[in-house]
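Enquirer: Protein chains in written order, with our numbering: chain X, 1 to 451; chain Y, 1001 to 1209. Think of the CB as a built atom: it goes at the ideal place given N, C-alpha and C, for glycine as much as any other residue. Questions regarding the structure given below will be posed in turn.
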Amino acid sequence: MQEYSSQAVYDRGEAVCVIGAGASGLIAVKNLRENGFEVDCYERDTVLGGLWNPENQHSPLYPNTHLVTSRSQTEIPDFPMPDDWPDYPSSAQMLDYLKRYAAHFGLAEHIWYGSEISHIEPVEGSRFEVVVKPAAGSAARRLRYGAVIIATGHHAVPNLPAYSGQDLFRGTVLHSSQLGDGSRLRGKTVLVVGGGNSGVDIACEAAVSAAACVHSVRRGYWHLPKYLGGEPADYALARLRRRPRWLRGFLTDRLLKGPRELSARMGMEAPDHRHTDEEPVRNGRYLEHVGDGSIERRPDIARFDGGEVVFTDGSTLRPDVVVLATGYRPKIACCPPGLLGVEGDSPYPKLHARMFSPRVETLAVAGLVEPGVGTLPIVHWQTHAIAHWLHIRKGDPERAVNFRQQVVAESVQYAVESTGLSPRHRLAVDAEEYLAGLGRIIDTLEQEPAK
Amino acid sequence: MSLQAWFRRTRAPEPAAVRREVVVLEPADLFDVETTDDPDAAPVLCCTGQSAGAAAFGPLWLKRIAGSGRHAAALSVRGQGGTPEAPGGPEARAHDIVQAAIGLPRQAVLVGHGRGAGWACLAAARYPAAALILVSPQGMPKHPPKPVGAPRVLLVVGETETQSKEARAAAEAYGVAPLTFPGTAGDVFEGPAAEALLDAVLPWLGRED
Chain X
1 MQEYSSQAVY DRGEAVCVIG AGASGLIAVK NLRENGFEVD CYERDTVLGG LWNPENQHSP
61 LYPNTHLVTS RSQTEIPDFP MPDDWPDYPS SAQMLDYLKR YAAHFGLAEH IWYGSEISHI
121 EPVEGSRFEV VVKPAAGSAA RRLRYGAVII ATGHHAVPNL PAYSGQDLFR GTVLHSSQLG
181 DGSRLRGKTV LVVGGGNSGV DIACEAAVSA AACVHSVRRG YWHLPKYLGG EPADYALARL
241 RRRPRWLRGF LTDRLLKGPR ELSARMGMEA PDHRHTDEEP VRNGRYLEHV GDGSIERRPD
301 IARFDGGEVV FTDGSTLRPD VVVLATGYRP KIACCPPGLL GVEGDSPYPK LHARMFSPRV
361 ETLAVAGLVE PGVGTLPIVH WQTHAIAHWL HIRKGDPERA VNFRQQVVAE SVQYAVESTG
421 LSPRHRLAVD AEEYLAGLGR IIDTLEQEPA K
Chain Y
1001 MSLQAWFRRT RAPEPAAVRR EVVVLEPADL FDVETTDDPD AAPVLCCTGQ SAGAAAFGPL
1061 WLKRIAGSGR HAAALSVRGQ GGTPEAPGGP EARAHDIVQA AIGLPRQAVL VGHGRGAGWA
1121 CLAAARYPAA ALILVSPQGM PKHPPKPVGA PRVLLVVGET ETQSKEARAA AEAYGVAPLT
1181 FPGTAGDVFE GPAAEALLDA VLPWLGRED
């Protein structure tokens, strides 16, 4: 590609623009290429792999991140992980896997690194003008594409709670993404805030390396070990859902009884939702660390008071380091909010079937769901559907209209949408139902055209 | 692969992992043949139903494929050649092929011979092969699943078996006309018939369409 002045618009014809070269972006590029599309993928960082790449300056990895879903439930359906890998691969293996995927399907040549998209805008009906934010000193580039797929994920902005008196606190306050290799915890008194997967993992890390670890949790969560009944827990639970309904409830209860009773024994608040409603906490070591006293549990923080932290039960603590494992908020800055169905300034888009823009037919978002199971397969089927849709739209407008109606119908079914409880969980979907919906969409797309 | 097939598979036990024998010959390994190594050309992964496994392809096939500038690999599925026996039927052997394919540097062409053709067409429904080549297929599934990624399919049969039930079923399932080579299913690995077979297959691979 040659240089352009800021005024000139380079027309890429029917090519598709993919924003982000993380796991979702890579899968989108591969599936679009498979359907015969030219693709340009823009990555603001200088490496691929998104959140799995510690070299990515926006990476949310914390020390010793491992998958919380097992290999068979997490791998990309048409490119499995090596079957001699462990059940729960590490983040380093995950990155290796994504790099292999990119090399295997020759994706790297379609990625433009160090290119942040500052703005996208529909032009000429359903096409898009994309503005690439200039690198230092050069002019912005403008390009036109037939379609845009946003794959920037939902770990965009750290979700930071504000407590009164926090600015006068003299210790260190970090978000989980700033922890790096975890050496900052060694020998310190650590307070971990947040009861989700990252909070629990970091508490376990601090339990062995820090001088003392206190874990502040606001509400009840489902705590599942990584193995249930001799099998990876997510696989064991997923299999039960194939059973008849009357048997399923009984078997699931029996499988979850042990973890539930153990959490109760550790004095944890019982969760007020079902284990499928939002991502459960999957960590077998946590409850044992609570049991042997190396993690001390406290309720929510009320305020900071000088060097002390006061909890809602009136107890106090003088921590050296406070780690806020309070999650992320999605943010899609480059896209006008109206196109994503957003009203007001909510960061949570309202999309058809959680992927298609309600306003423009050629705009889709991949991977903006939290299904409580491995996300890669979900993204694979999403982008499979998106690529097929763009393909049909190009060749057979009549079928495209029928399909559009089907998608709208599917999303109406999701009107209840998220089962998540806290704002952090607004992207949660029931994996089983969502996949069934995706399956119906794909079936409609793959039907032979009526002659 | 349909979503439903994937869904069923992820809710069933995975076949036992085995250490698979994969014999690889790269163009650079050939000292006696002048080749042009094309890094963009799809590697070729071969699999047969015979118990020798990868060794069957060694003397002729791998050399000819590598000689055409491609990364050539042959696999022994569970129970063949140097790969230990492990439980599992055709699905487990298809799993072996997929696992070997993801270990190759680029999207691979799958070649299945004999019963291996049946396993290869199951594998092609789970892995987007660059192309699928079925040589004298035997034991094909009744309704071969649709390959993912719409690869080109080549069916090659010996002169004597063009009218066999298996060959006709495969031709119909994939909507391709079989390519015949002078000889029988037993002539695939050596002799002039095998050379003629490769003379037909390799140009087909190189063709762009």
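Alpha carbon to alpha carbon, how far is valine 1023/Y from threonine 419/X? Give it in angstroms, no decimals.
Expert: Because the pLDDT at threonine 419/X is just 47, under 50, the model does not fix this residue reliably, and the value given afterwards should be weighed accordingly. Approximately 50 angstroms, taken between the alpha carbons.
Enquirer: List the endpoints of the continuous alpha helix (DSSP H) containing alanine 1066/Y.
Expert: Residues 1063-1067.
Enquirer: Is the segment 321-338 of chain X touching the segment 238-249 of chain X in the sense that three or more CB pairs, one from each, lie closer than 8 angstroms?
Expert: These segments do not touch.
Enquirer: Please list, in chain order, the chain Y residues whose beta carbon lies closer than 7 angstroms to that of alanine 103/X.
Expert: Here the neighbours are Pro1105.
Enquirer: Cα-Cα, which of Gly341/X, Gly20/X, Phe304/X is closest to glycine 153/X?
Expert: Selected option, being the one with the closest Cα: Gly20/X.
Enquirer: Between the segment 204-214 of chain X and the segment 183-191 of chain X, do three or more beta carbon pairs fall short of 8 angstroms?
Expert: As far as the Cβ criterion goes, the segment 204-214 of chain X touches the segment 183-191 of chain X, which means the pair count is three or higher.
Enquirer: What's the gap between the Cα of aspartate 1032/Y and the Cα of threonine 1180/Y?
Expert: When rounded, the distance between both Cα atoms is 30 angstroms.
Enquirer: Any beta carbon of chain X sitting closer than 9 angstroms to that of histidine 1143/Y?
Expert: So, not an interface residue.
Enquirer: At a cut of 8 angstroms, does the segment 1091-1102 of chain Y reach the segment 1117-1128 of chain Y through at least three beta carbon pairs?
Expert: Yes: the two stretches touch, three or more of their Cβ pairs being nearer than 8 angstroms.
Enquirer: Just to confirm, is the Cβ distance from proline 299/X to glutamine 73/X under 9 angstroms?
Expert: No; because the gap between Cβ atoms is not below 9 angstroms, this pair is not in contact.
Enquirer: Measuring only between beta-carbons, confirm whether phenylalanine 403/X sits less than 9 angstroms from chain Y.
Expert: No, its Cβ sits nowhere closer than 9 angstroms to a Cβ of chain Y.
Enquirer: At a Cβ threshold of 9 angstroms, is alanine 364/X touching chain Y?
Expert: No, because no Cβ of chain Y sits closer than 9 angstroms to the Cβ of alanine 364/X.
Enquirer: Please report the straight-line C-alpha distance between glycine 439/X and glutamine 406/X, rounded to a whole angstrom.
Expert: Roughly 12 angstroms between the two C-alpha positions.
Enquirer: So, using beta-carbon positions, are glycine 1049/Y and glutamate 1021/Y closer together than 9 angstroms?
Expert: No. Outside cutoff.
Enquirer: Helix, strand or coil for arginine 127/X per DSSP?
Expert: The answer is strand: DSSP assigns arginine 127/X an E or B state.
Enquirer: Inspect the CB distances between the segment 216-230 of chain X and the segment 266-281 of chain X and report whether three or more fall short of 8 angstroms.
Expert: Taking 8 angstroms as the limit for Cβ pairs, the verdict is that the segment 266-281 of chain X does touch the segment 216-230 of chain X.
Enquirer: Quick one: is tyrosine 10/X buried, meaning 16 or more other Cβ sit within 10 Å of its Cβ, or exposed?
Expert: Classification for tyrosine 10/X: exposed.
Enquirer: Taking beta-carbon pairs under 7 angstroms, can you tell me which members of the segment 422-443 of chain X lie near chain Y?
Expert: Going along the segment 422-443 of chain X in chain order, one finds Leu435, Leu438, Gly439, Ile442 with a Cβ nearer than 7 angstroms to chain Y.
Enquirer: Whole angstroms are fine: how far does the CA of glycine 374/X sit from the CA of alanine 428/X?
Expert: Alanine 428/X and glycine 374/X: Cα-Cα distance of roughly 12 angstroms.
Enquirer: For asparagine 197/X, which of Gln382/X, Phe403/X, Glu370/X has the nearest alpha-carbon?
Expert: Comparing Cα positions, the closest option is Glu370/X.
Enquirer: Comparing the C-beta of isoleucine 1097/Y with each C-beta of chain X, is any distance below 9 angstroms?
Expert: No, its Cβ sits nowhere closer than 9 angstroms to a Cβ of chain X.
Enquirer: Looking at C-beta atoms only, is the number of pairs between the segment 1153-1163 of chain Y and the segment 1198-1208 of chain Y that lie closer than 8 angstroms three or more?
Expert: Contact holds: three or more Cβ-Cβ distances are below 8 angstroms.
Enquirer: In this structure, does DSSP put isoleucine 442/X in helix, strand or coil?
Expert: In this structure, isoleucine 442/X counts as helix in the three-state DSSP scheme.
Enquirer: In chain Y, which residues lie with their C-beta within 7 angstroms of the C-beta of glutamine 73/X?
Expert: Neighbours of glutamine 73/X on chain Y, chain order: Thr1010.
Enquirer: Hey, does histidine 391/X have any beta-carbon neighbour from chain Y nearer than 9 angstroms?
Expert: Output row for histidine 391/X: interface = no.
Enquirer: Which residue from Val379/X, Gln382/X, Val18/X puts its Cα closest to that of valine 131/X?
Expert: Considering only alpha carbons, the answer is Val18/X.
Enquirer: Listed in chain order, which residues of the segment 265-289 of chain X have Cβ atoms closer than 8 angstroms to some Cβ of chain Y?
Expert: Against chain Y - using a Cβ distance shorter than 8 angstroms - the segment 265-289 of chain X contributes no residues.
Enquirer: Could you tell me which residues DSSP pairs with histidine 215/X in its beta bridges?
Expert: Val192/X, Arg297/X, per the DSSP bridge assignment.
Enquirer: Cutting at 8 angstroms between CB atoms, please list the residues of its own chain near tryptophan 52/X, excluding the five before and the five after it.
Expert: Cβ within range, chain order: Gly22, Ala23, Ser59, Leu61, Ser91, Met94, Leu95, Leu98.
Enquirer: What do you reckon, are the CB atoms on leucine 174/X and serine 209/X nearer than 9 angstroms?
Expert: Not a contact, by the Cβ cut-off of 9 angstroms.
Enquirer: Against glycine 106/X, what residues of chain Y qualify as contacts under a CB-to-CB distance less than 8 angstroms, listed in chain order?
Expert: The answer, in chain order, is Asp1040, Arg1106, Gln1107.
Enquirer: Please report the distance separating the alpha-carbon of methionine 81/X from that of arginine 71/X.
Expert: Cα to Cα, the separation comes out at about 7 angstroms.
Enquirer: So, is valine 401/X buried or exposed, given that buried needs 16 or more other C-beta atoms within 10 angstroms?
Expert: Valine 401/X should be labelled exposed.
Enquirer: Mind listing the chain A neighbours of alanine 238/X? Cutoff is C-beta to C-beta under 8 angstroms, in chain order.
Expert: You won't find chain A in this structure, because its protein chains are X and Y.
Enquirer: When you compare only the Cα positions, how much space is there between tyrosine 163/X and leucine 376/X?
Expert: Computed Cα separation, rounded: 36 angstroms.
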